[in-house]
Amino acid sequence: MVEYSSPNTNKPLHLGHLRNIFLGYAVAEILKAIGHKVTKVQIINDRGIHICKSMVAWQKFGNGETPESSGIKGDKLVGKYYVEFDKLYKTQQAELMAKGKTEEEAKQEAPVMLEAQEMLRKWEMKDQEVYGLWQKMNGWVYKGFESTYSAMGVDFDKLYYESDSYLLGKDEVLKGLEKGIFFQREDGSIWVDLTEEGLDQKALLRKDGTSMYITQDIGTAIMRFRDFPDTVYQIYTVGNEQEYHFNVLFKILKKLGWQQADACYHLSYGMVELPEGKMKSREGTVVDADDLIAVMAGVAKEVAEEQGKLDGLVESEKELLYHTIGMAALKYFLLRVDPVKNMLFNPKESIDFNGHTGPFIQYGYVRTRAILRKTEKSVRKFDLSKVVLNQAEKSIIVKLHDFPEVLAEAAKRYNPGLVANYCFELVKDFNSFYQNVPILREENIDLRNFRIALCDKVGSLVQAGMRLLGIEMPERM
RNA sequence: GGUCCCGUAGCUCAGGGGAUAGAGCAACUGCCUUCUAAGCAGUCGGUCGCUGGUUCGAUUCCAGCCGGGAUCACCA
Numbered sequence: 000m001v002e003y004s005s006p007n008t009n010k011p012l013h014l015g016h017l018r019n020i021f022l023g024y025a026v027a028e029i030l031k032a033i034g035h036k037v038t039k040v041q042i043i044n045d046r047g048i049h050i051c052k053s054m055v056a057w058q059k060f061g062n063g064e065t066p067e068s069s070g071i072k073g074d075k076l077v078g079k080y081y082v083e084f085d086k087l088y089k090t091q092q093a094e095l096m097a098k099g100k101t102e103e104e105a106k107q108e109a110p111v112m113l114e115a116q117e118m119l120r121k122w123e124m125k126d127q128e129v130y131g132l133w134q135k136m137n138g139w140v141y142k143g144f145e146s147t148y149s150a151m152g153v154d155f156d157k158l159y160y161e162s163d164s165y166l167l168g169k170d171e172v173l174k175g176l177e178k179g180i181f182f183q184r185e186d187g188s189i190w191v192d193l194t195e196e197g198l199d200q201k202a203l204l205r206k207d208g209t210s211m212y213i214t215q216d217i218g219t220a221i222m223r224f225r226d227f228p229d230t231v232y233q234i235y236t237v238g239n240e241q242e243y244h245f246n247v248l249f250k251i252l253k254k255l256g257w258q259q260a261d262a263c264y265h266l267s268y269g270m271v272e273l274p275e276g277k278m279k280s281r282e283g284t285v286v287d288a289d290d291l292i293a294v295m296a297g298v299a300k301e302v303a304e305e306q307g308k309l310d311g312l313v314e315s316e317k318e319l320l321y322h323t324i325g326m327a328a329l330k331y332f333l334l335r336v337d338p339v340k341n342m343l344f345n346p347k348e349s350i351d352f353n354g355h356t357g358p359f360i361q362y363g364y365v366r367t368r369a370i371l372r373k374t375e376k377s378v379r380k381f382d383l384s385k386v387v388l389n390q391a392e393k394s395i396i397v398k399l400h401d402f403p404e405v406l407a408e409a410a411k412r413y414n415p416g417l418v419a420n421y422c423f424e425l426v427k428d429f430n431s432f433y434q435n436v437p438i439l440r441e442e443n444i445d446l447r448n449f450r451i452a453l454c455d456k457v458g459s460l461v462q463a464g465m466r467l468l469g470i471e472m473p474e475r476m
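Numbering follows numbering that gives the first Met the number 0, in which position 56 of the first sequence is assigned residue number 55; successive positions increment by one, without gaps.
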């Protein structure tokens with residue numbers, strides 16, 4: 000089982016999610032390719048204080064605004080009210096501090112925050128009005144996410160919602176308390192003591208009885224253990240800032256008696272940073288996923304129009320192609336880097352379409368396809384004994400032979416970057432061969448047909464390799 | 001402060017106990033009447049953070065240090 004994406008429903012997807020989603024998807028595909036049966040799952044963090052914040056703000060300032068009435072994509076609309084909440088919250092904090100409160104007090108006592116907390120309590124009691132609003136606004140978000148996922152070309156086999164699993168989590172925490180695995184403080188909050196495991200004490204349930212992030216994660220994990228009892232590996236694709244959290248989670252599951260905890264693995268990846276540092280939603284430096292996808296297709300269009308190679312195609316085919324090429328650039332950019340490393344995205348320089356990039360690889364593939372289109376399959380026979388290999392061909396053949404090893408290593412290390420870099424090297428060798436060695440122009444029939452076969456082989460391997468990364472190969476570009 | 005991760009060309013990144021450490025971008029030279037130039041051929045550019053250790057051999061493994069990041073909430 001591979002989990003990826005795990006979005007909150009209070010704001011749209013951004014560049015960080017993109018790395019997560021492409022990474023999780025690629026790891027799942029790579030594991031499939033070496034023979035595992037893989038279930039791709041998504042956990043949707045649809046409940047909690049964060050969505051209550053958007054809800055409070057919408058009630059205050061929304062005037063009934065909907066995606067339909069405003070023409071704003073659902074997830075973006077809800078995100079807009081999340082920002083509204085934050086603005087008001089900041090203002091109220093400042094007012095309280097002006098009246099002599101400490102920053103800590105101001106944060107806790109700001110009226111909107113109290114409203115959001117009250118709303119969370121009402122939600123947990125299934126208050127009709129709150130619940131209805133929650134369903135409505137989440138519905139907007141899901142629709143928005145769906146369109147983004149579809150543009151990204153990723154899919155899931157099963158969706159989990161925290162609103163379905165947090166009660167189970169709460170239950171399990173209470174059961175654990177009865178069994179003496181956890182303990183309760185005087186104020187009523189419930190804790191686990193992990194000091195023997197080298198960690199700390201960690202709260203599992205608030206004093207008001209509402210559940211926390213970790214509570215719902217316990218529930219979700221157990222739900223999955225039950226749904227998929229044969230799962231050998233449960234991989235959580237989540238950023239490295241949550242390493243401690245997963246450490247704690249797995250130890251708690253073990254304490255609760257789930258041996259499957261040993262099969263759980265946190266596939267941790269580094270942050271995508273901007274030249275000025277981390278993306279901050281508060282400072283508006285977050286790179287929006289939809290925007291970036293659109294920009295990439297736009298660049299693909301510019302390049303294509305400049306070169307005029309697609310002039311024979313109808314508009315809809317062109318648009319599809321721009322998207323295919325743009326996504327290749329974007330996905331390749333994010334996947335070629337070792338997941339454990341932080342990486343840099345510079346919006347000013349944008350993402351390249353030349354050199355070590357997705358489009359470069361697509362271009363190599365397109366060249367193989369152009370060659371193959373010009374020959375009949377039936378007349379491609381050759382006598383290998385009459386073929387003497389040149390250096391370029393040898394180099395390609397050696398690389399072709401390496402693929403299974405690269406794939407195995409990528410699976411073992413959960414690192415799609417190995418496949419990405421492999422495909423680049425193969426295409427680089429192929430391009431050199433293509434440009435320096437005659438193929439269709441070769442007069443010796445055995446040699447010509449051998450070279451055509453080599454094109455075929457390179458093309459299909461590159462296509463297969465890139466497919467594992469979720470990157471599609473066009474027929475022409 | 002504890003724990004974890006990262007440090008390789010001006011920039012972005014590969015690599016990995018063994019020979020002259022690679023690629024892309026940037027800069028500069030050539031190459032489209034010839035299978036699509038989103039390309040090819042080439043020039044320039046590195047005491048692989050520092051110091052020790054293990055080893056016949058370390059950029060790679062180990063330790064310490066320095067620099068950068070993450071995390072240690074009744075946040076998610």
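For glycine and all other residues, C-beta sits at the position ideal for the given N, C-alpha and C.
Nothing here was measured: the structure is a model prediction, and the numbers come from that model.
Hey, how far is the Cα of residue i from the Cα of residue j?
i                 : j              : result
glutamate 471     : leucine 320    : 10 Å
proline 403       : lysine 347     : 38 Å
tyrosine 461      : asparagine 9   : Note that residue 461 corresponds to valine in the displayed sequence, not to tyrosine. Rounded to whole angstroms, valine 461 to asparagine 9 spans 39 Å at the Cα level.
cysteine 263      : isoleucine 234 : 6 Å
glycine 78        : cysteine 422   : 38 Å
glutamate 316     : serine 349     : 25 Å
leucine 145       : aspartate 74   : One point to set straight first is that residue 145 is glutamate, not leucine, in the sequence displayed. Approximately 10 Å, taken between the alpha carbons.
lysine 178        : aspartate 261  : 22 Å
serine 267        : tyrosine 141   : 25 Å
phenylalanine 227 : histidine 35   : 14 Å
aspartate 382     : glutamate 441  : 15 Å
phenylalanine 332 : glycine 357    : 7 Å
valine 26         : glycine 464    : 12 Å
leucine 173       : glutamate 123  : 16 Å
leucine 204       : threonine 194  : 18 Å
glycine 480       : alanine 296    : Past the edges of the chain, shown from 0 to 476, lies residue 480, and the structure says nothing about it.
lysine 373        : glycine 63     : 60 Å
glutamate 474     : cysteine 454   : 14 Å
isoleucine 71     : methionine 136 : 13 Å
isoleucine 396    : tyrosine 160   : 48 Å
glutamate 102     : leucine 132    : 31 Å
leucine 22        : threonine 236  : 8 Å
serine 243        : alanine 32     : First, the amino acid is wrong: residue 243 is tyrosine here, not serine. Each residue's alpha carbon lies about 31 Å from the other.
alanine 115       : isoleucine 48  : 7 Å
Could you give the DSSP three-state label for residue i: helix, strand or coil?
i                 : result
histidine 35      : coil
alanine 296       : helix
isoleucine 438    : coil
methionine 112    : helix
histidine 355     : coil
isoleucine 43     : strand
phenylalanine 224 : helix
tryptophan 57     : helix
aspartate 287     : strand
lysine 201        : strand
asparagine 7      : strand
valine 387        : coil
valine 498        : An answer regarding residue 498 cannot be provided, because it is not within the stretch 0 to 476 covered by the chain.
valine 26         : helix
leucine 329       : helix
methionine 0      : coil
leucine 312       : coil
leucine 14        : helix
leucine 406       : helix
leucine 255       : coil
methionine 342    : strand
Kindly give me the distance between the Cβ atoms of residue i and residue j, rounded to whole angstroms, as I take these residues to be in contact under 8 Å.
i              : j                 : result
lysine 398     : glutamate 375     : The Cβ separation is near 27 Å, so there is no contact.
glycine 168    : glutamine 215     : 5 Å
isoleucine 370 : isoleucine 451    : 6 Å
valine 40      : valine 111        : Actually they do not touch by this definition, with Cβ atoms about 34 Å apart.
serine 164     : aspartate 45      : Contact flag wrong, Cβ pair sits at about 10 Å.
valine 286     : phenylalanine 344 : 7 Å
proline 338    : tyrosine 232      : Not really, about 16 Å apart at Cβ, beyond 8 Å.
leucine 166    : isoleucine 213    : Wrong, their Cβ atoms sit about 15 Å apart, outside the cutoff.
lysine 52      : tyrosine 24       : Lysine 52 to tyrosine 24, Cβ: 30 Å. No contact.
What residues are listed by DSSP as bridge partners for residue i?
i             : result
threonine 374 : None; threonine 374 has no bridge partner.
threonine 236 : Leu266
valine 531    : Not covered by the structure: residue 531. The range shown for the chain is 0 to 476.
leucine 273   : Gly276
serine 210    : Leu204
serine 417    : The sequence as given places leucine at residue 417; serine does not occur at that position. None, per the DSSP bridge assignment.
Of all the beta strand (DSSP E) runs that stay within the bounds of the region 133-192, which reach a length of 3 or more residues? Listed in chain order, the complete beta strand (DSSP E) runs (minimum 3 residues) inside the region 133-192 are 157-160, 189-192.
Length at least 3, wholly inside the region 432-476: the beta strand (DSSP E) runs in chain order: none
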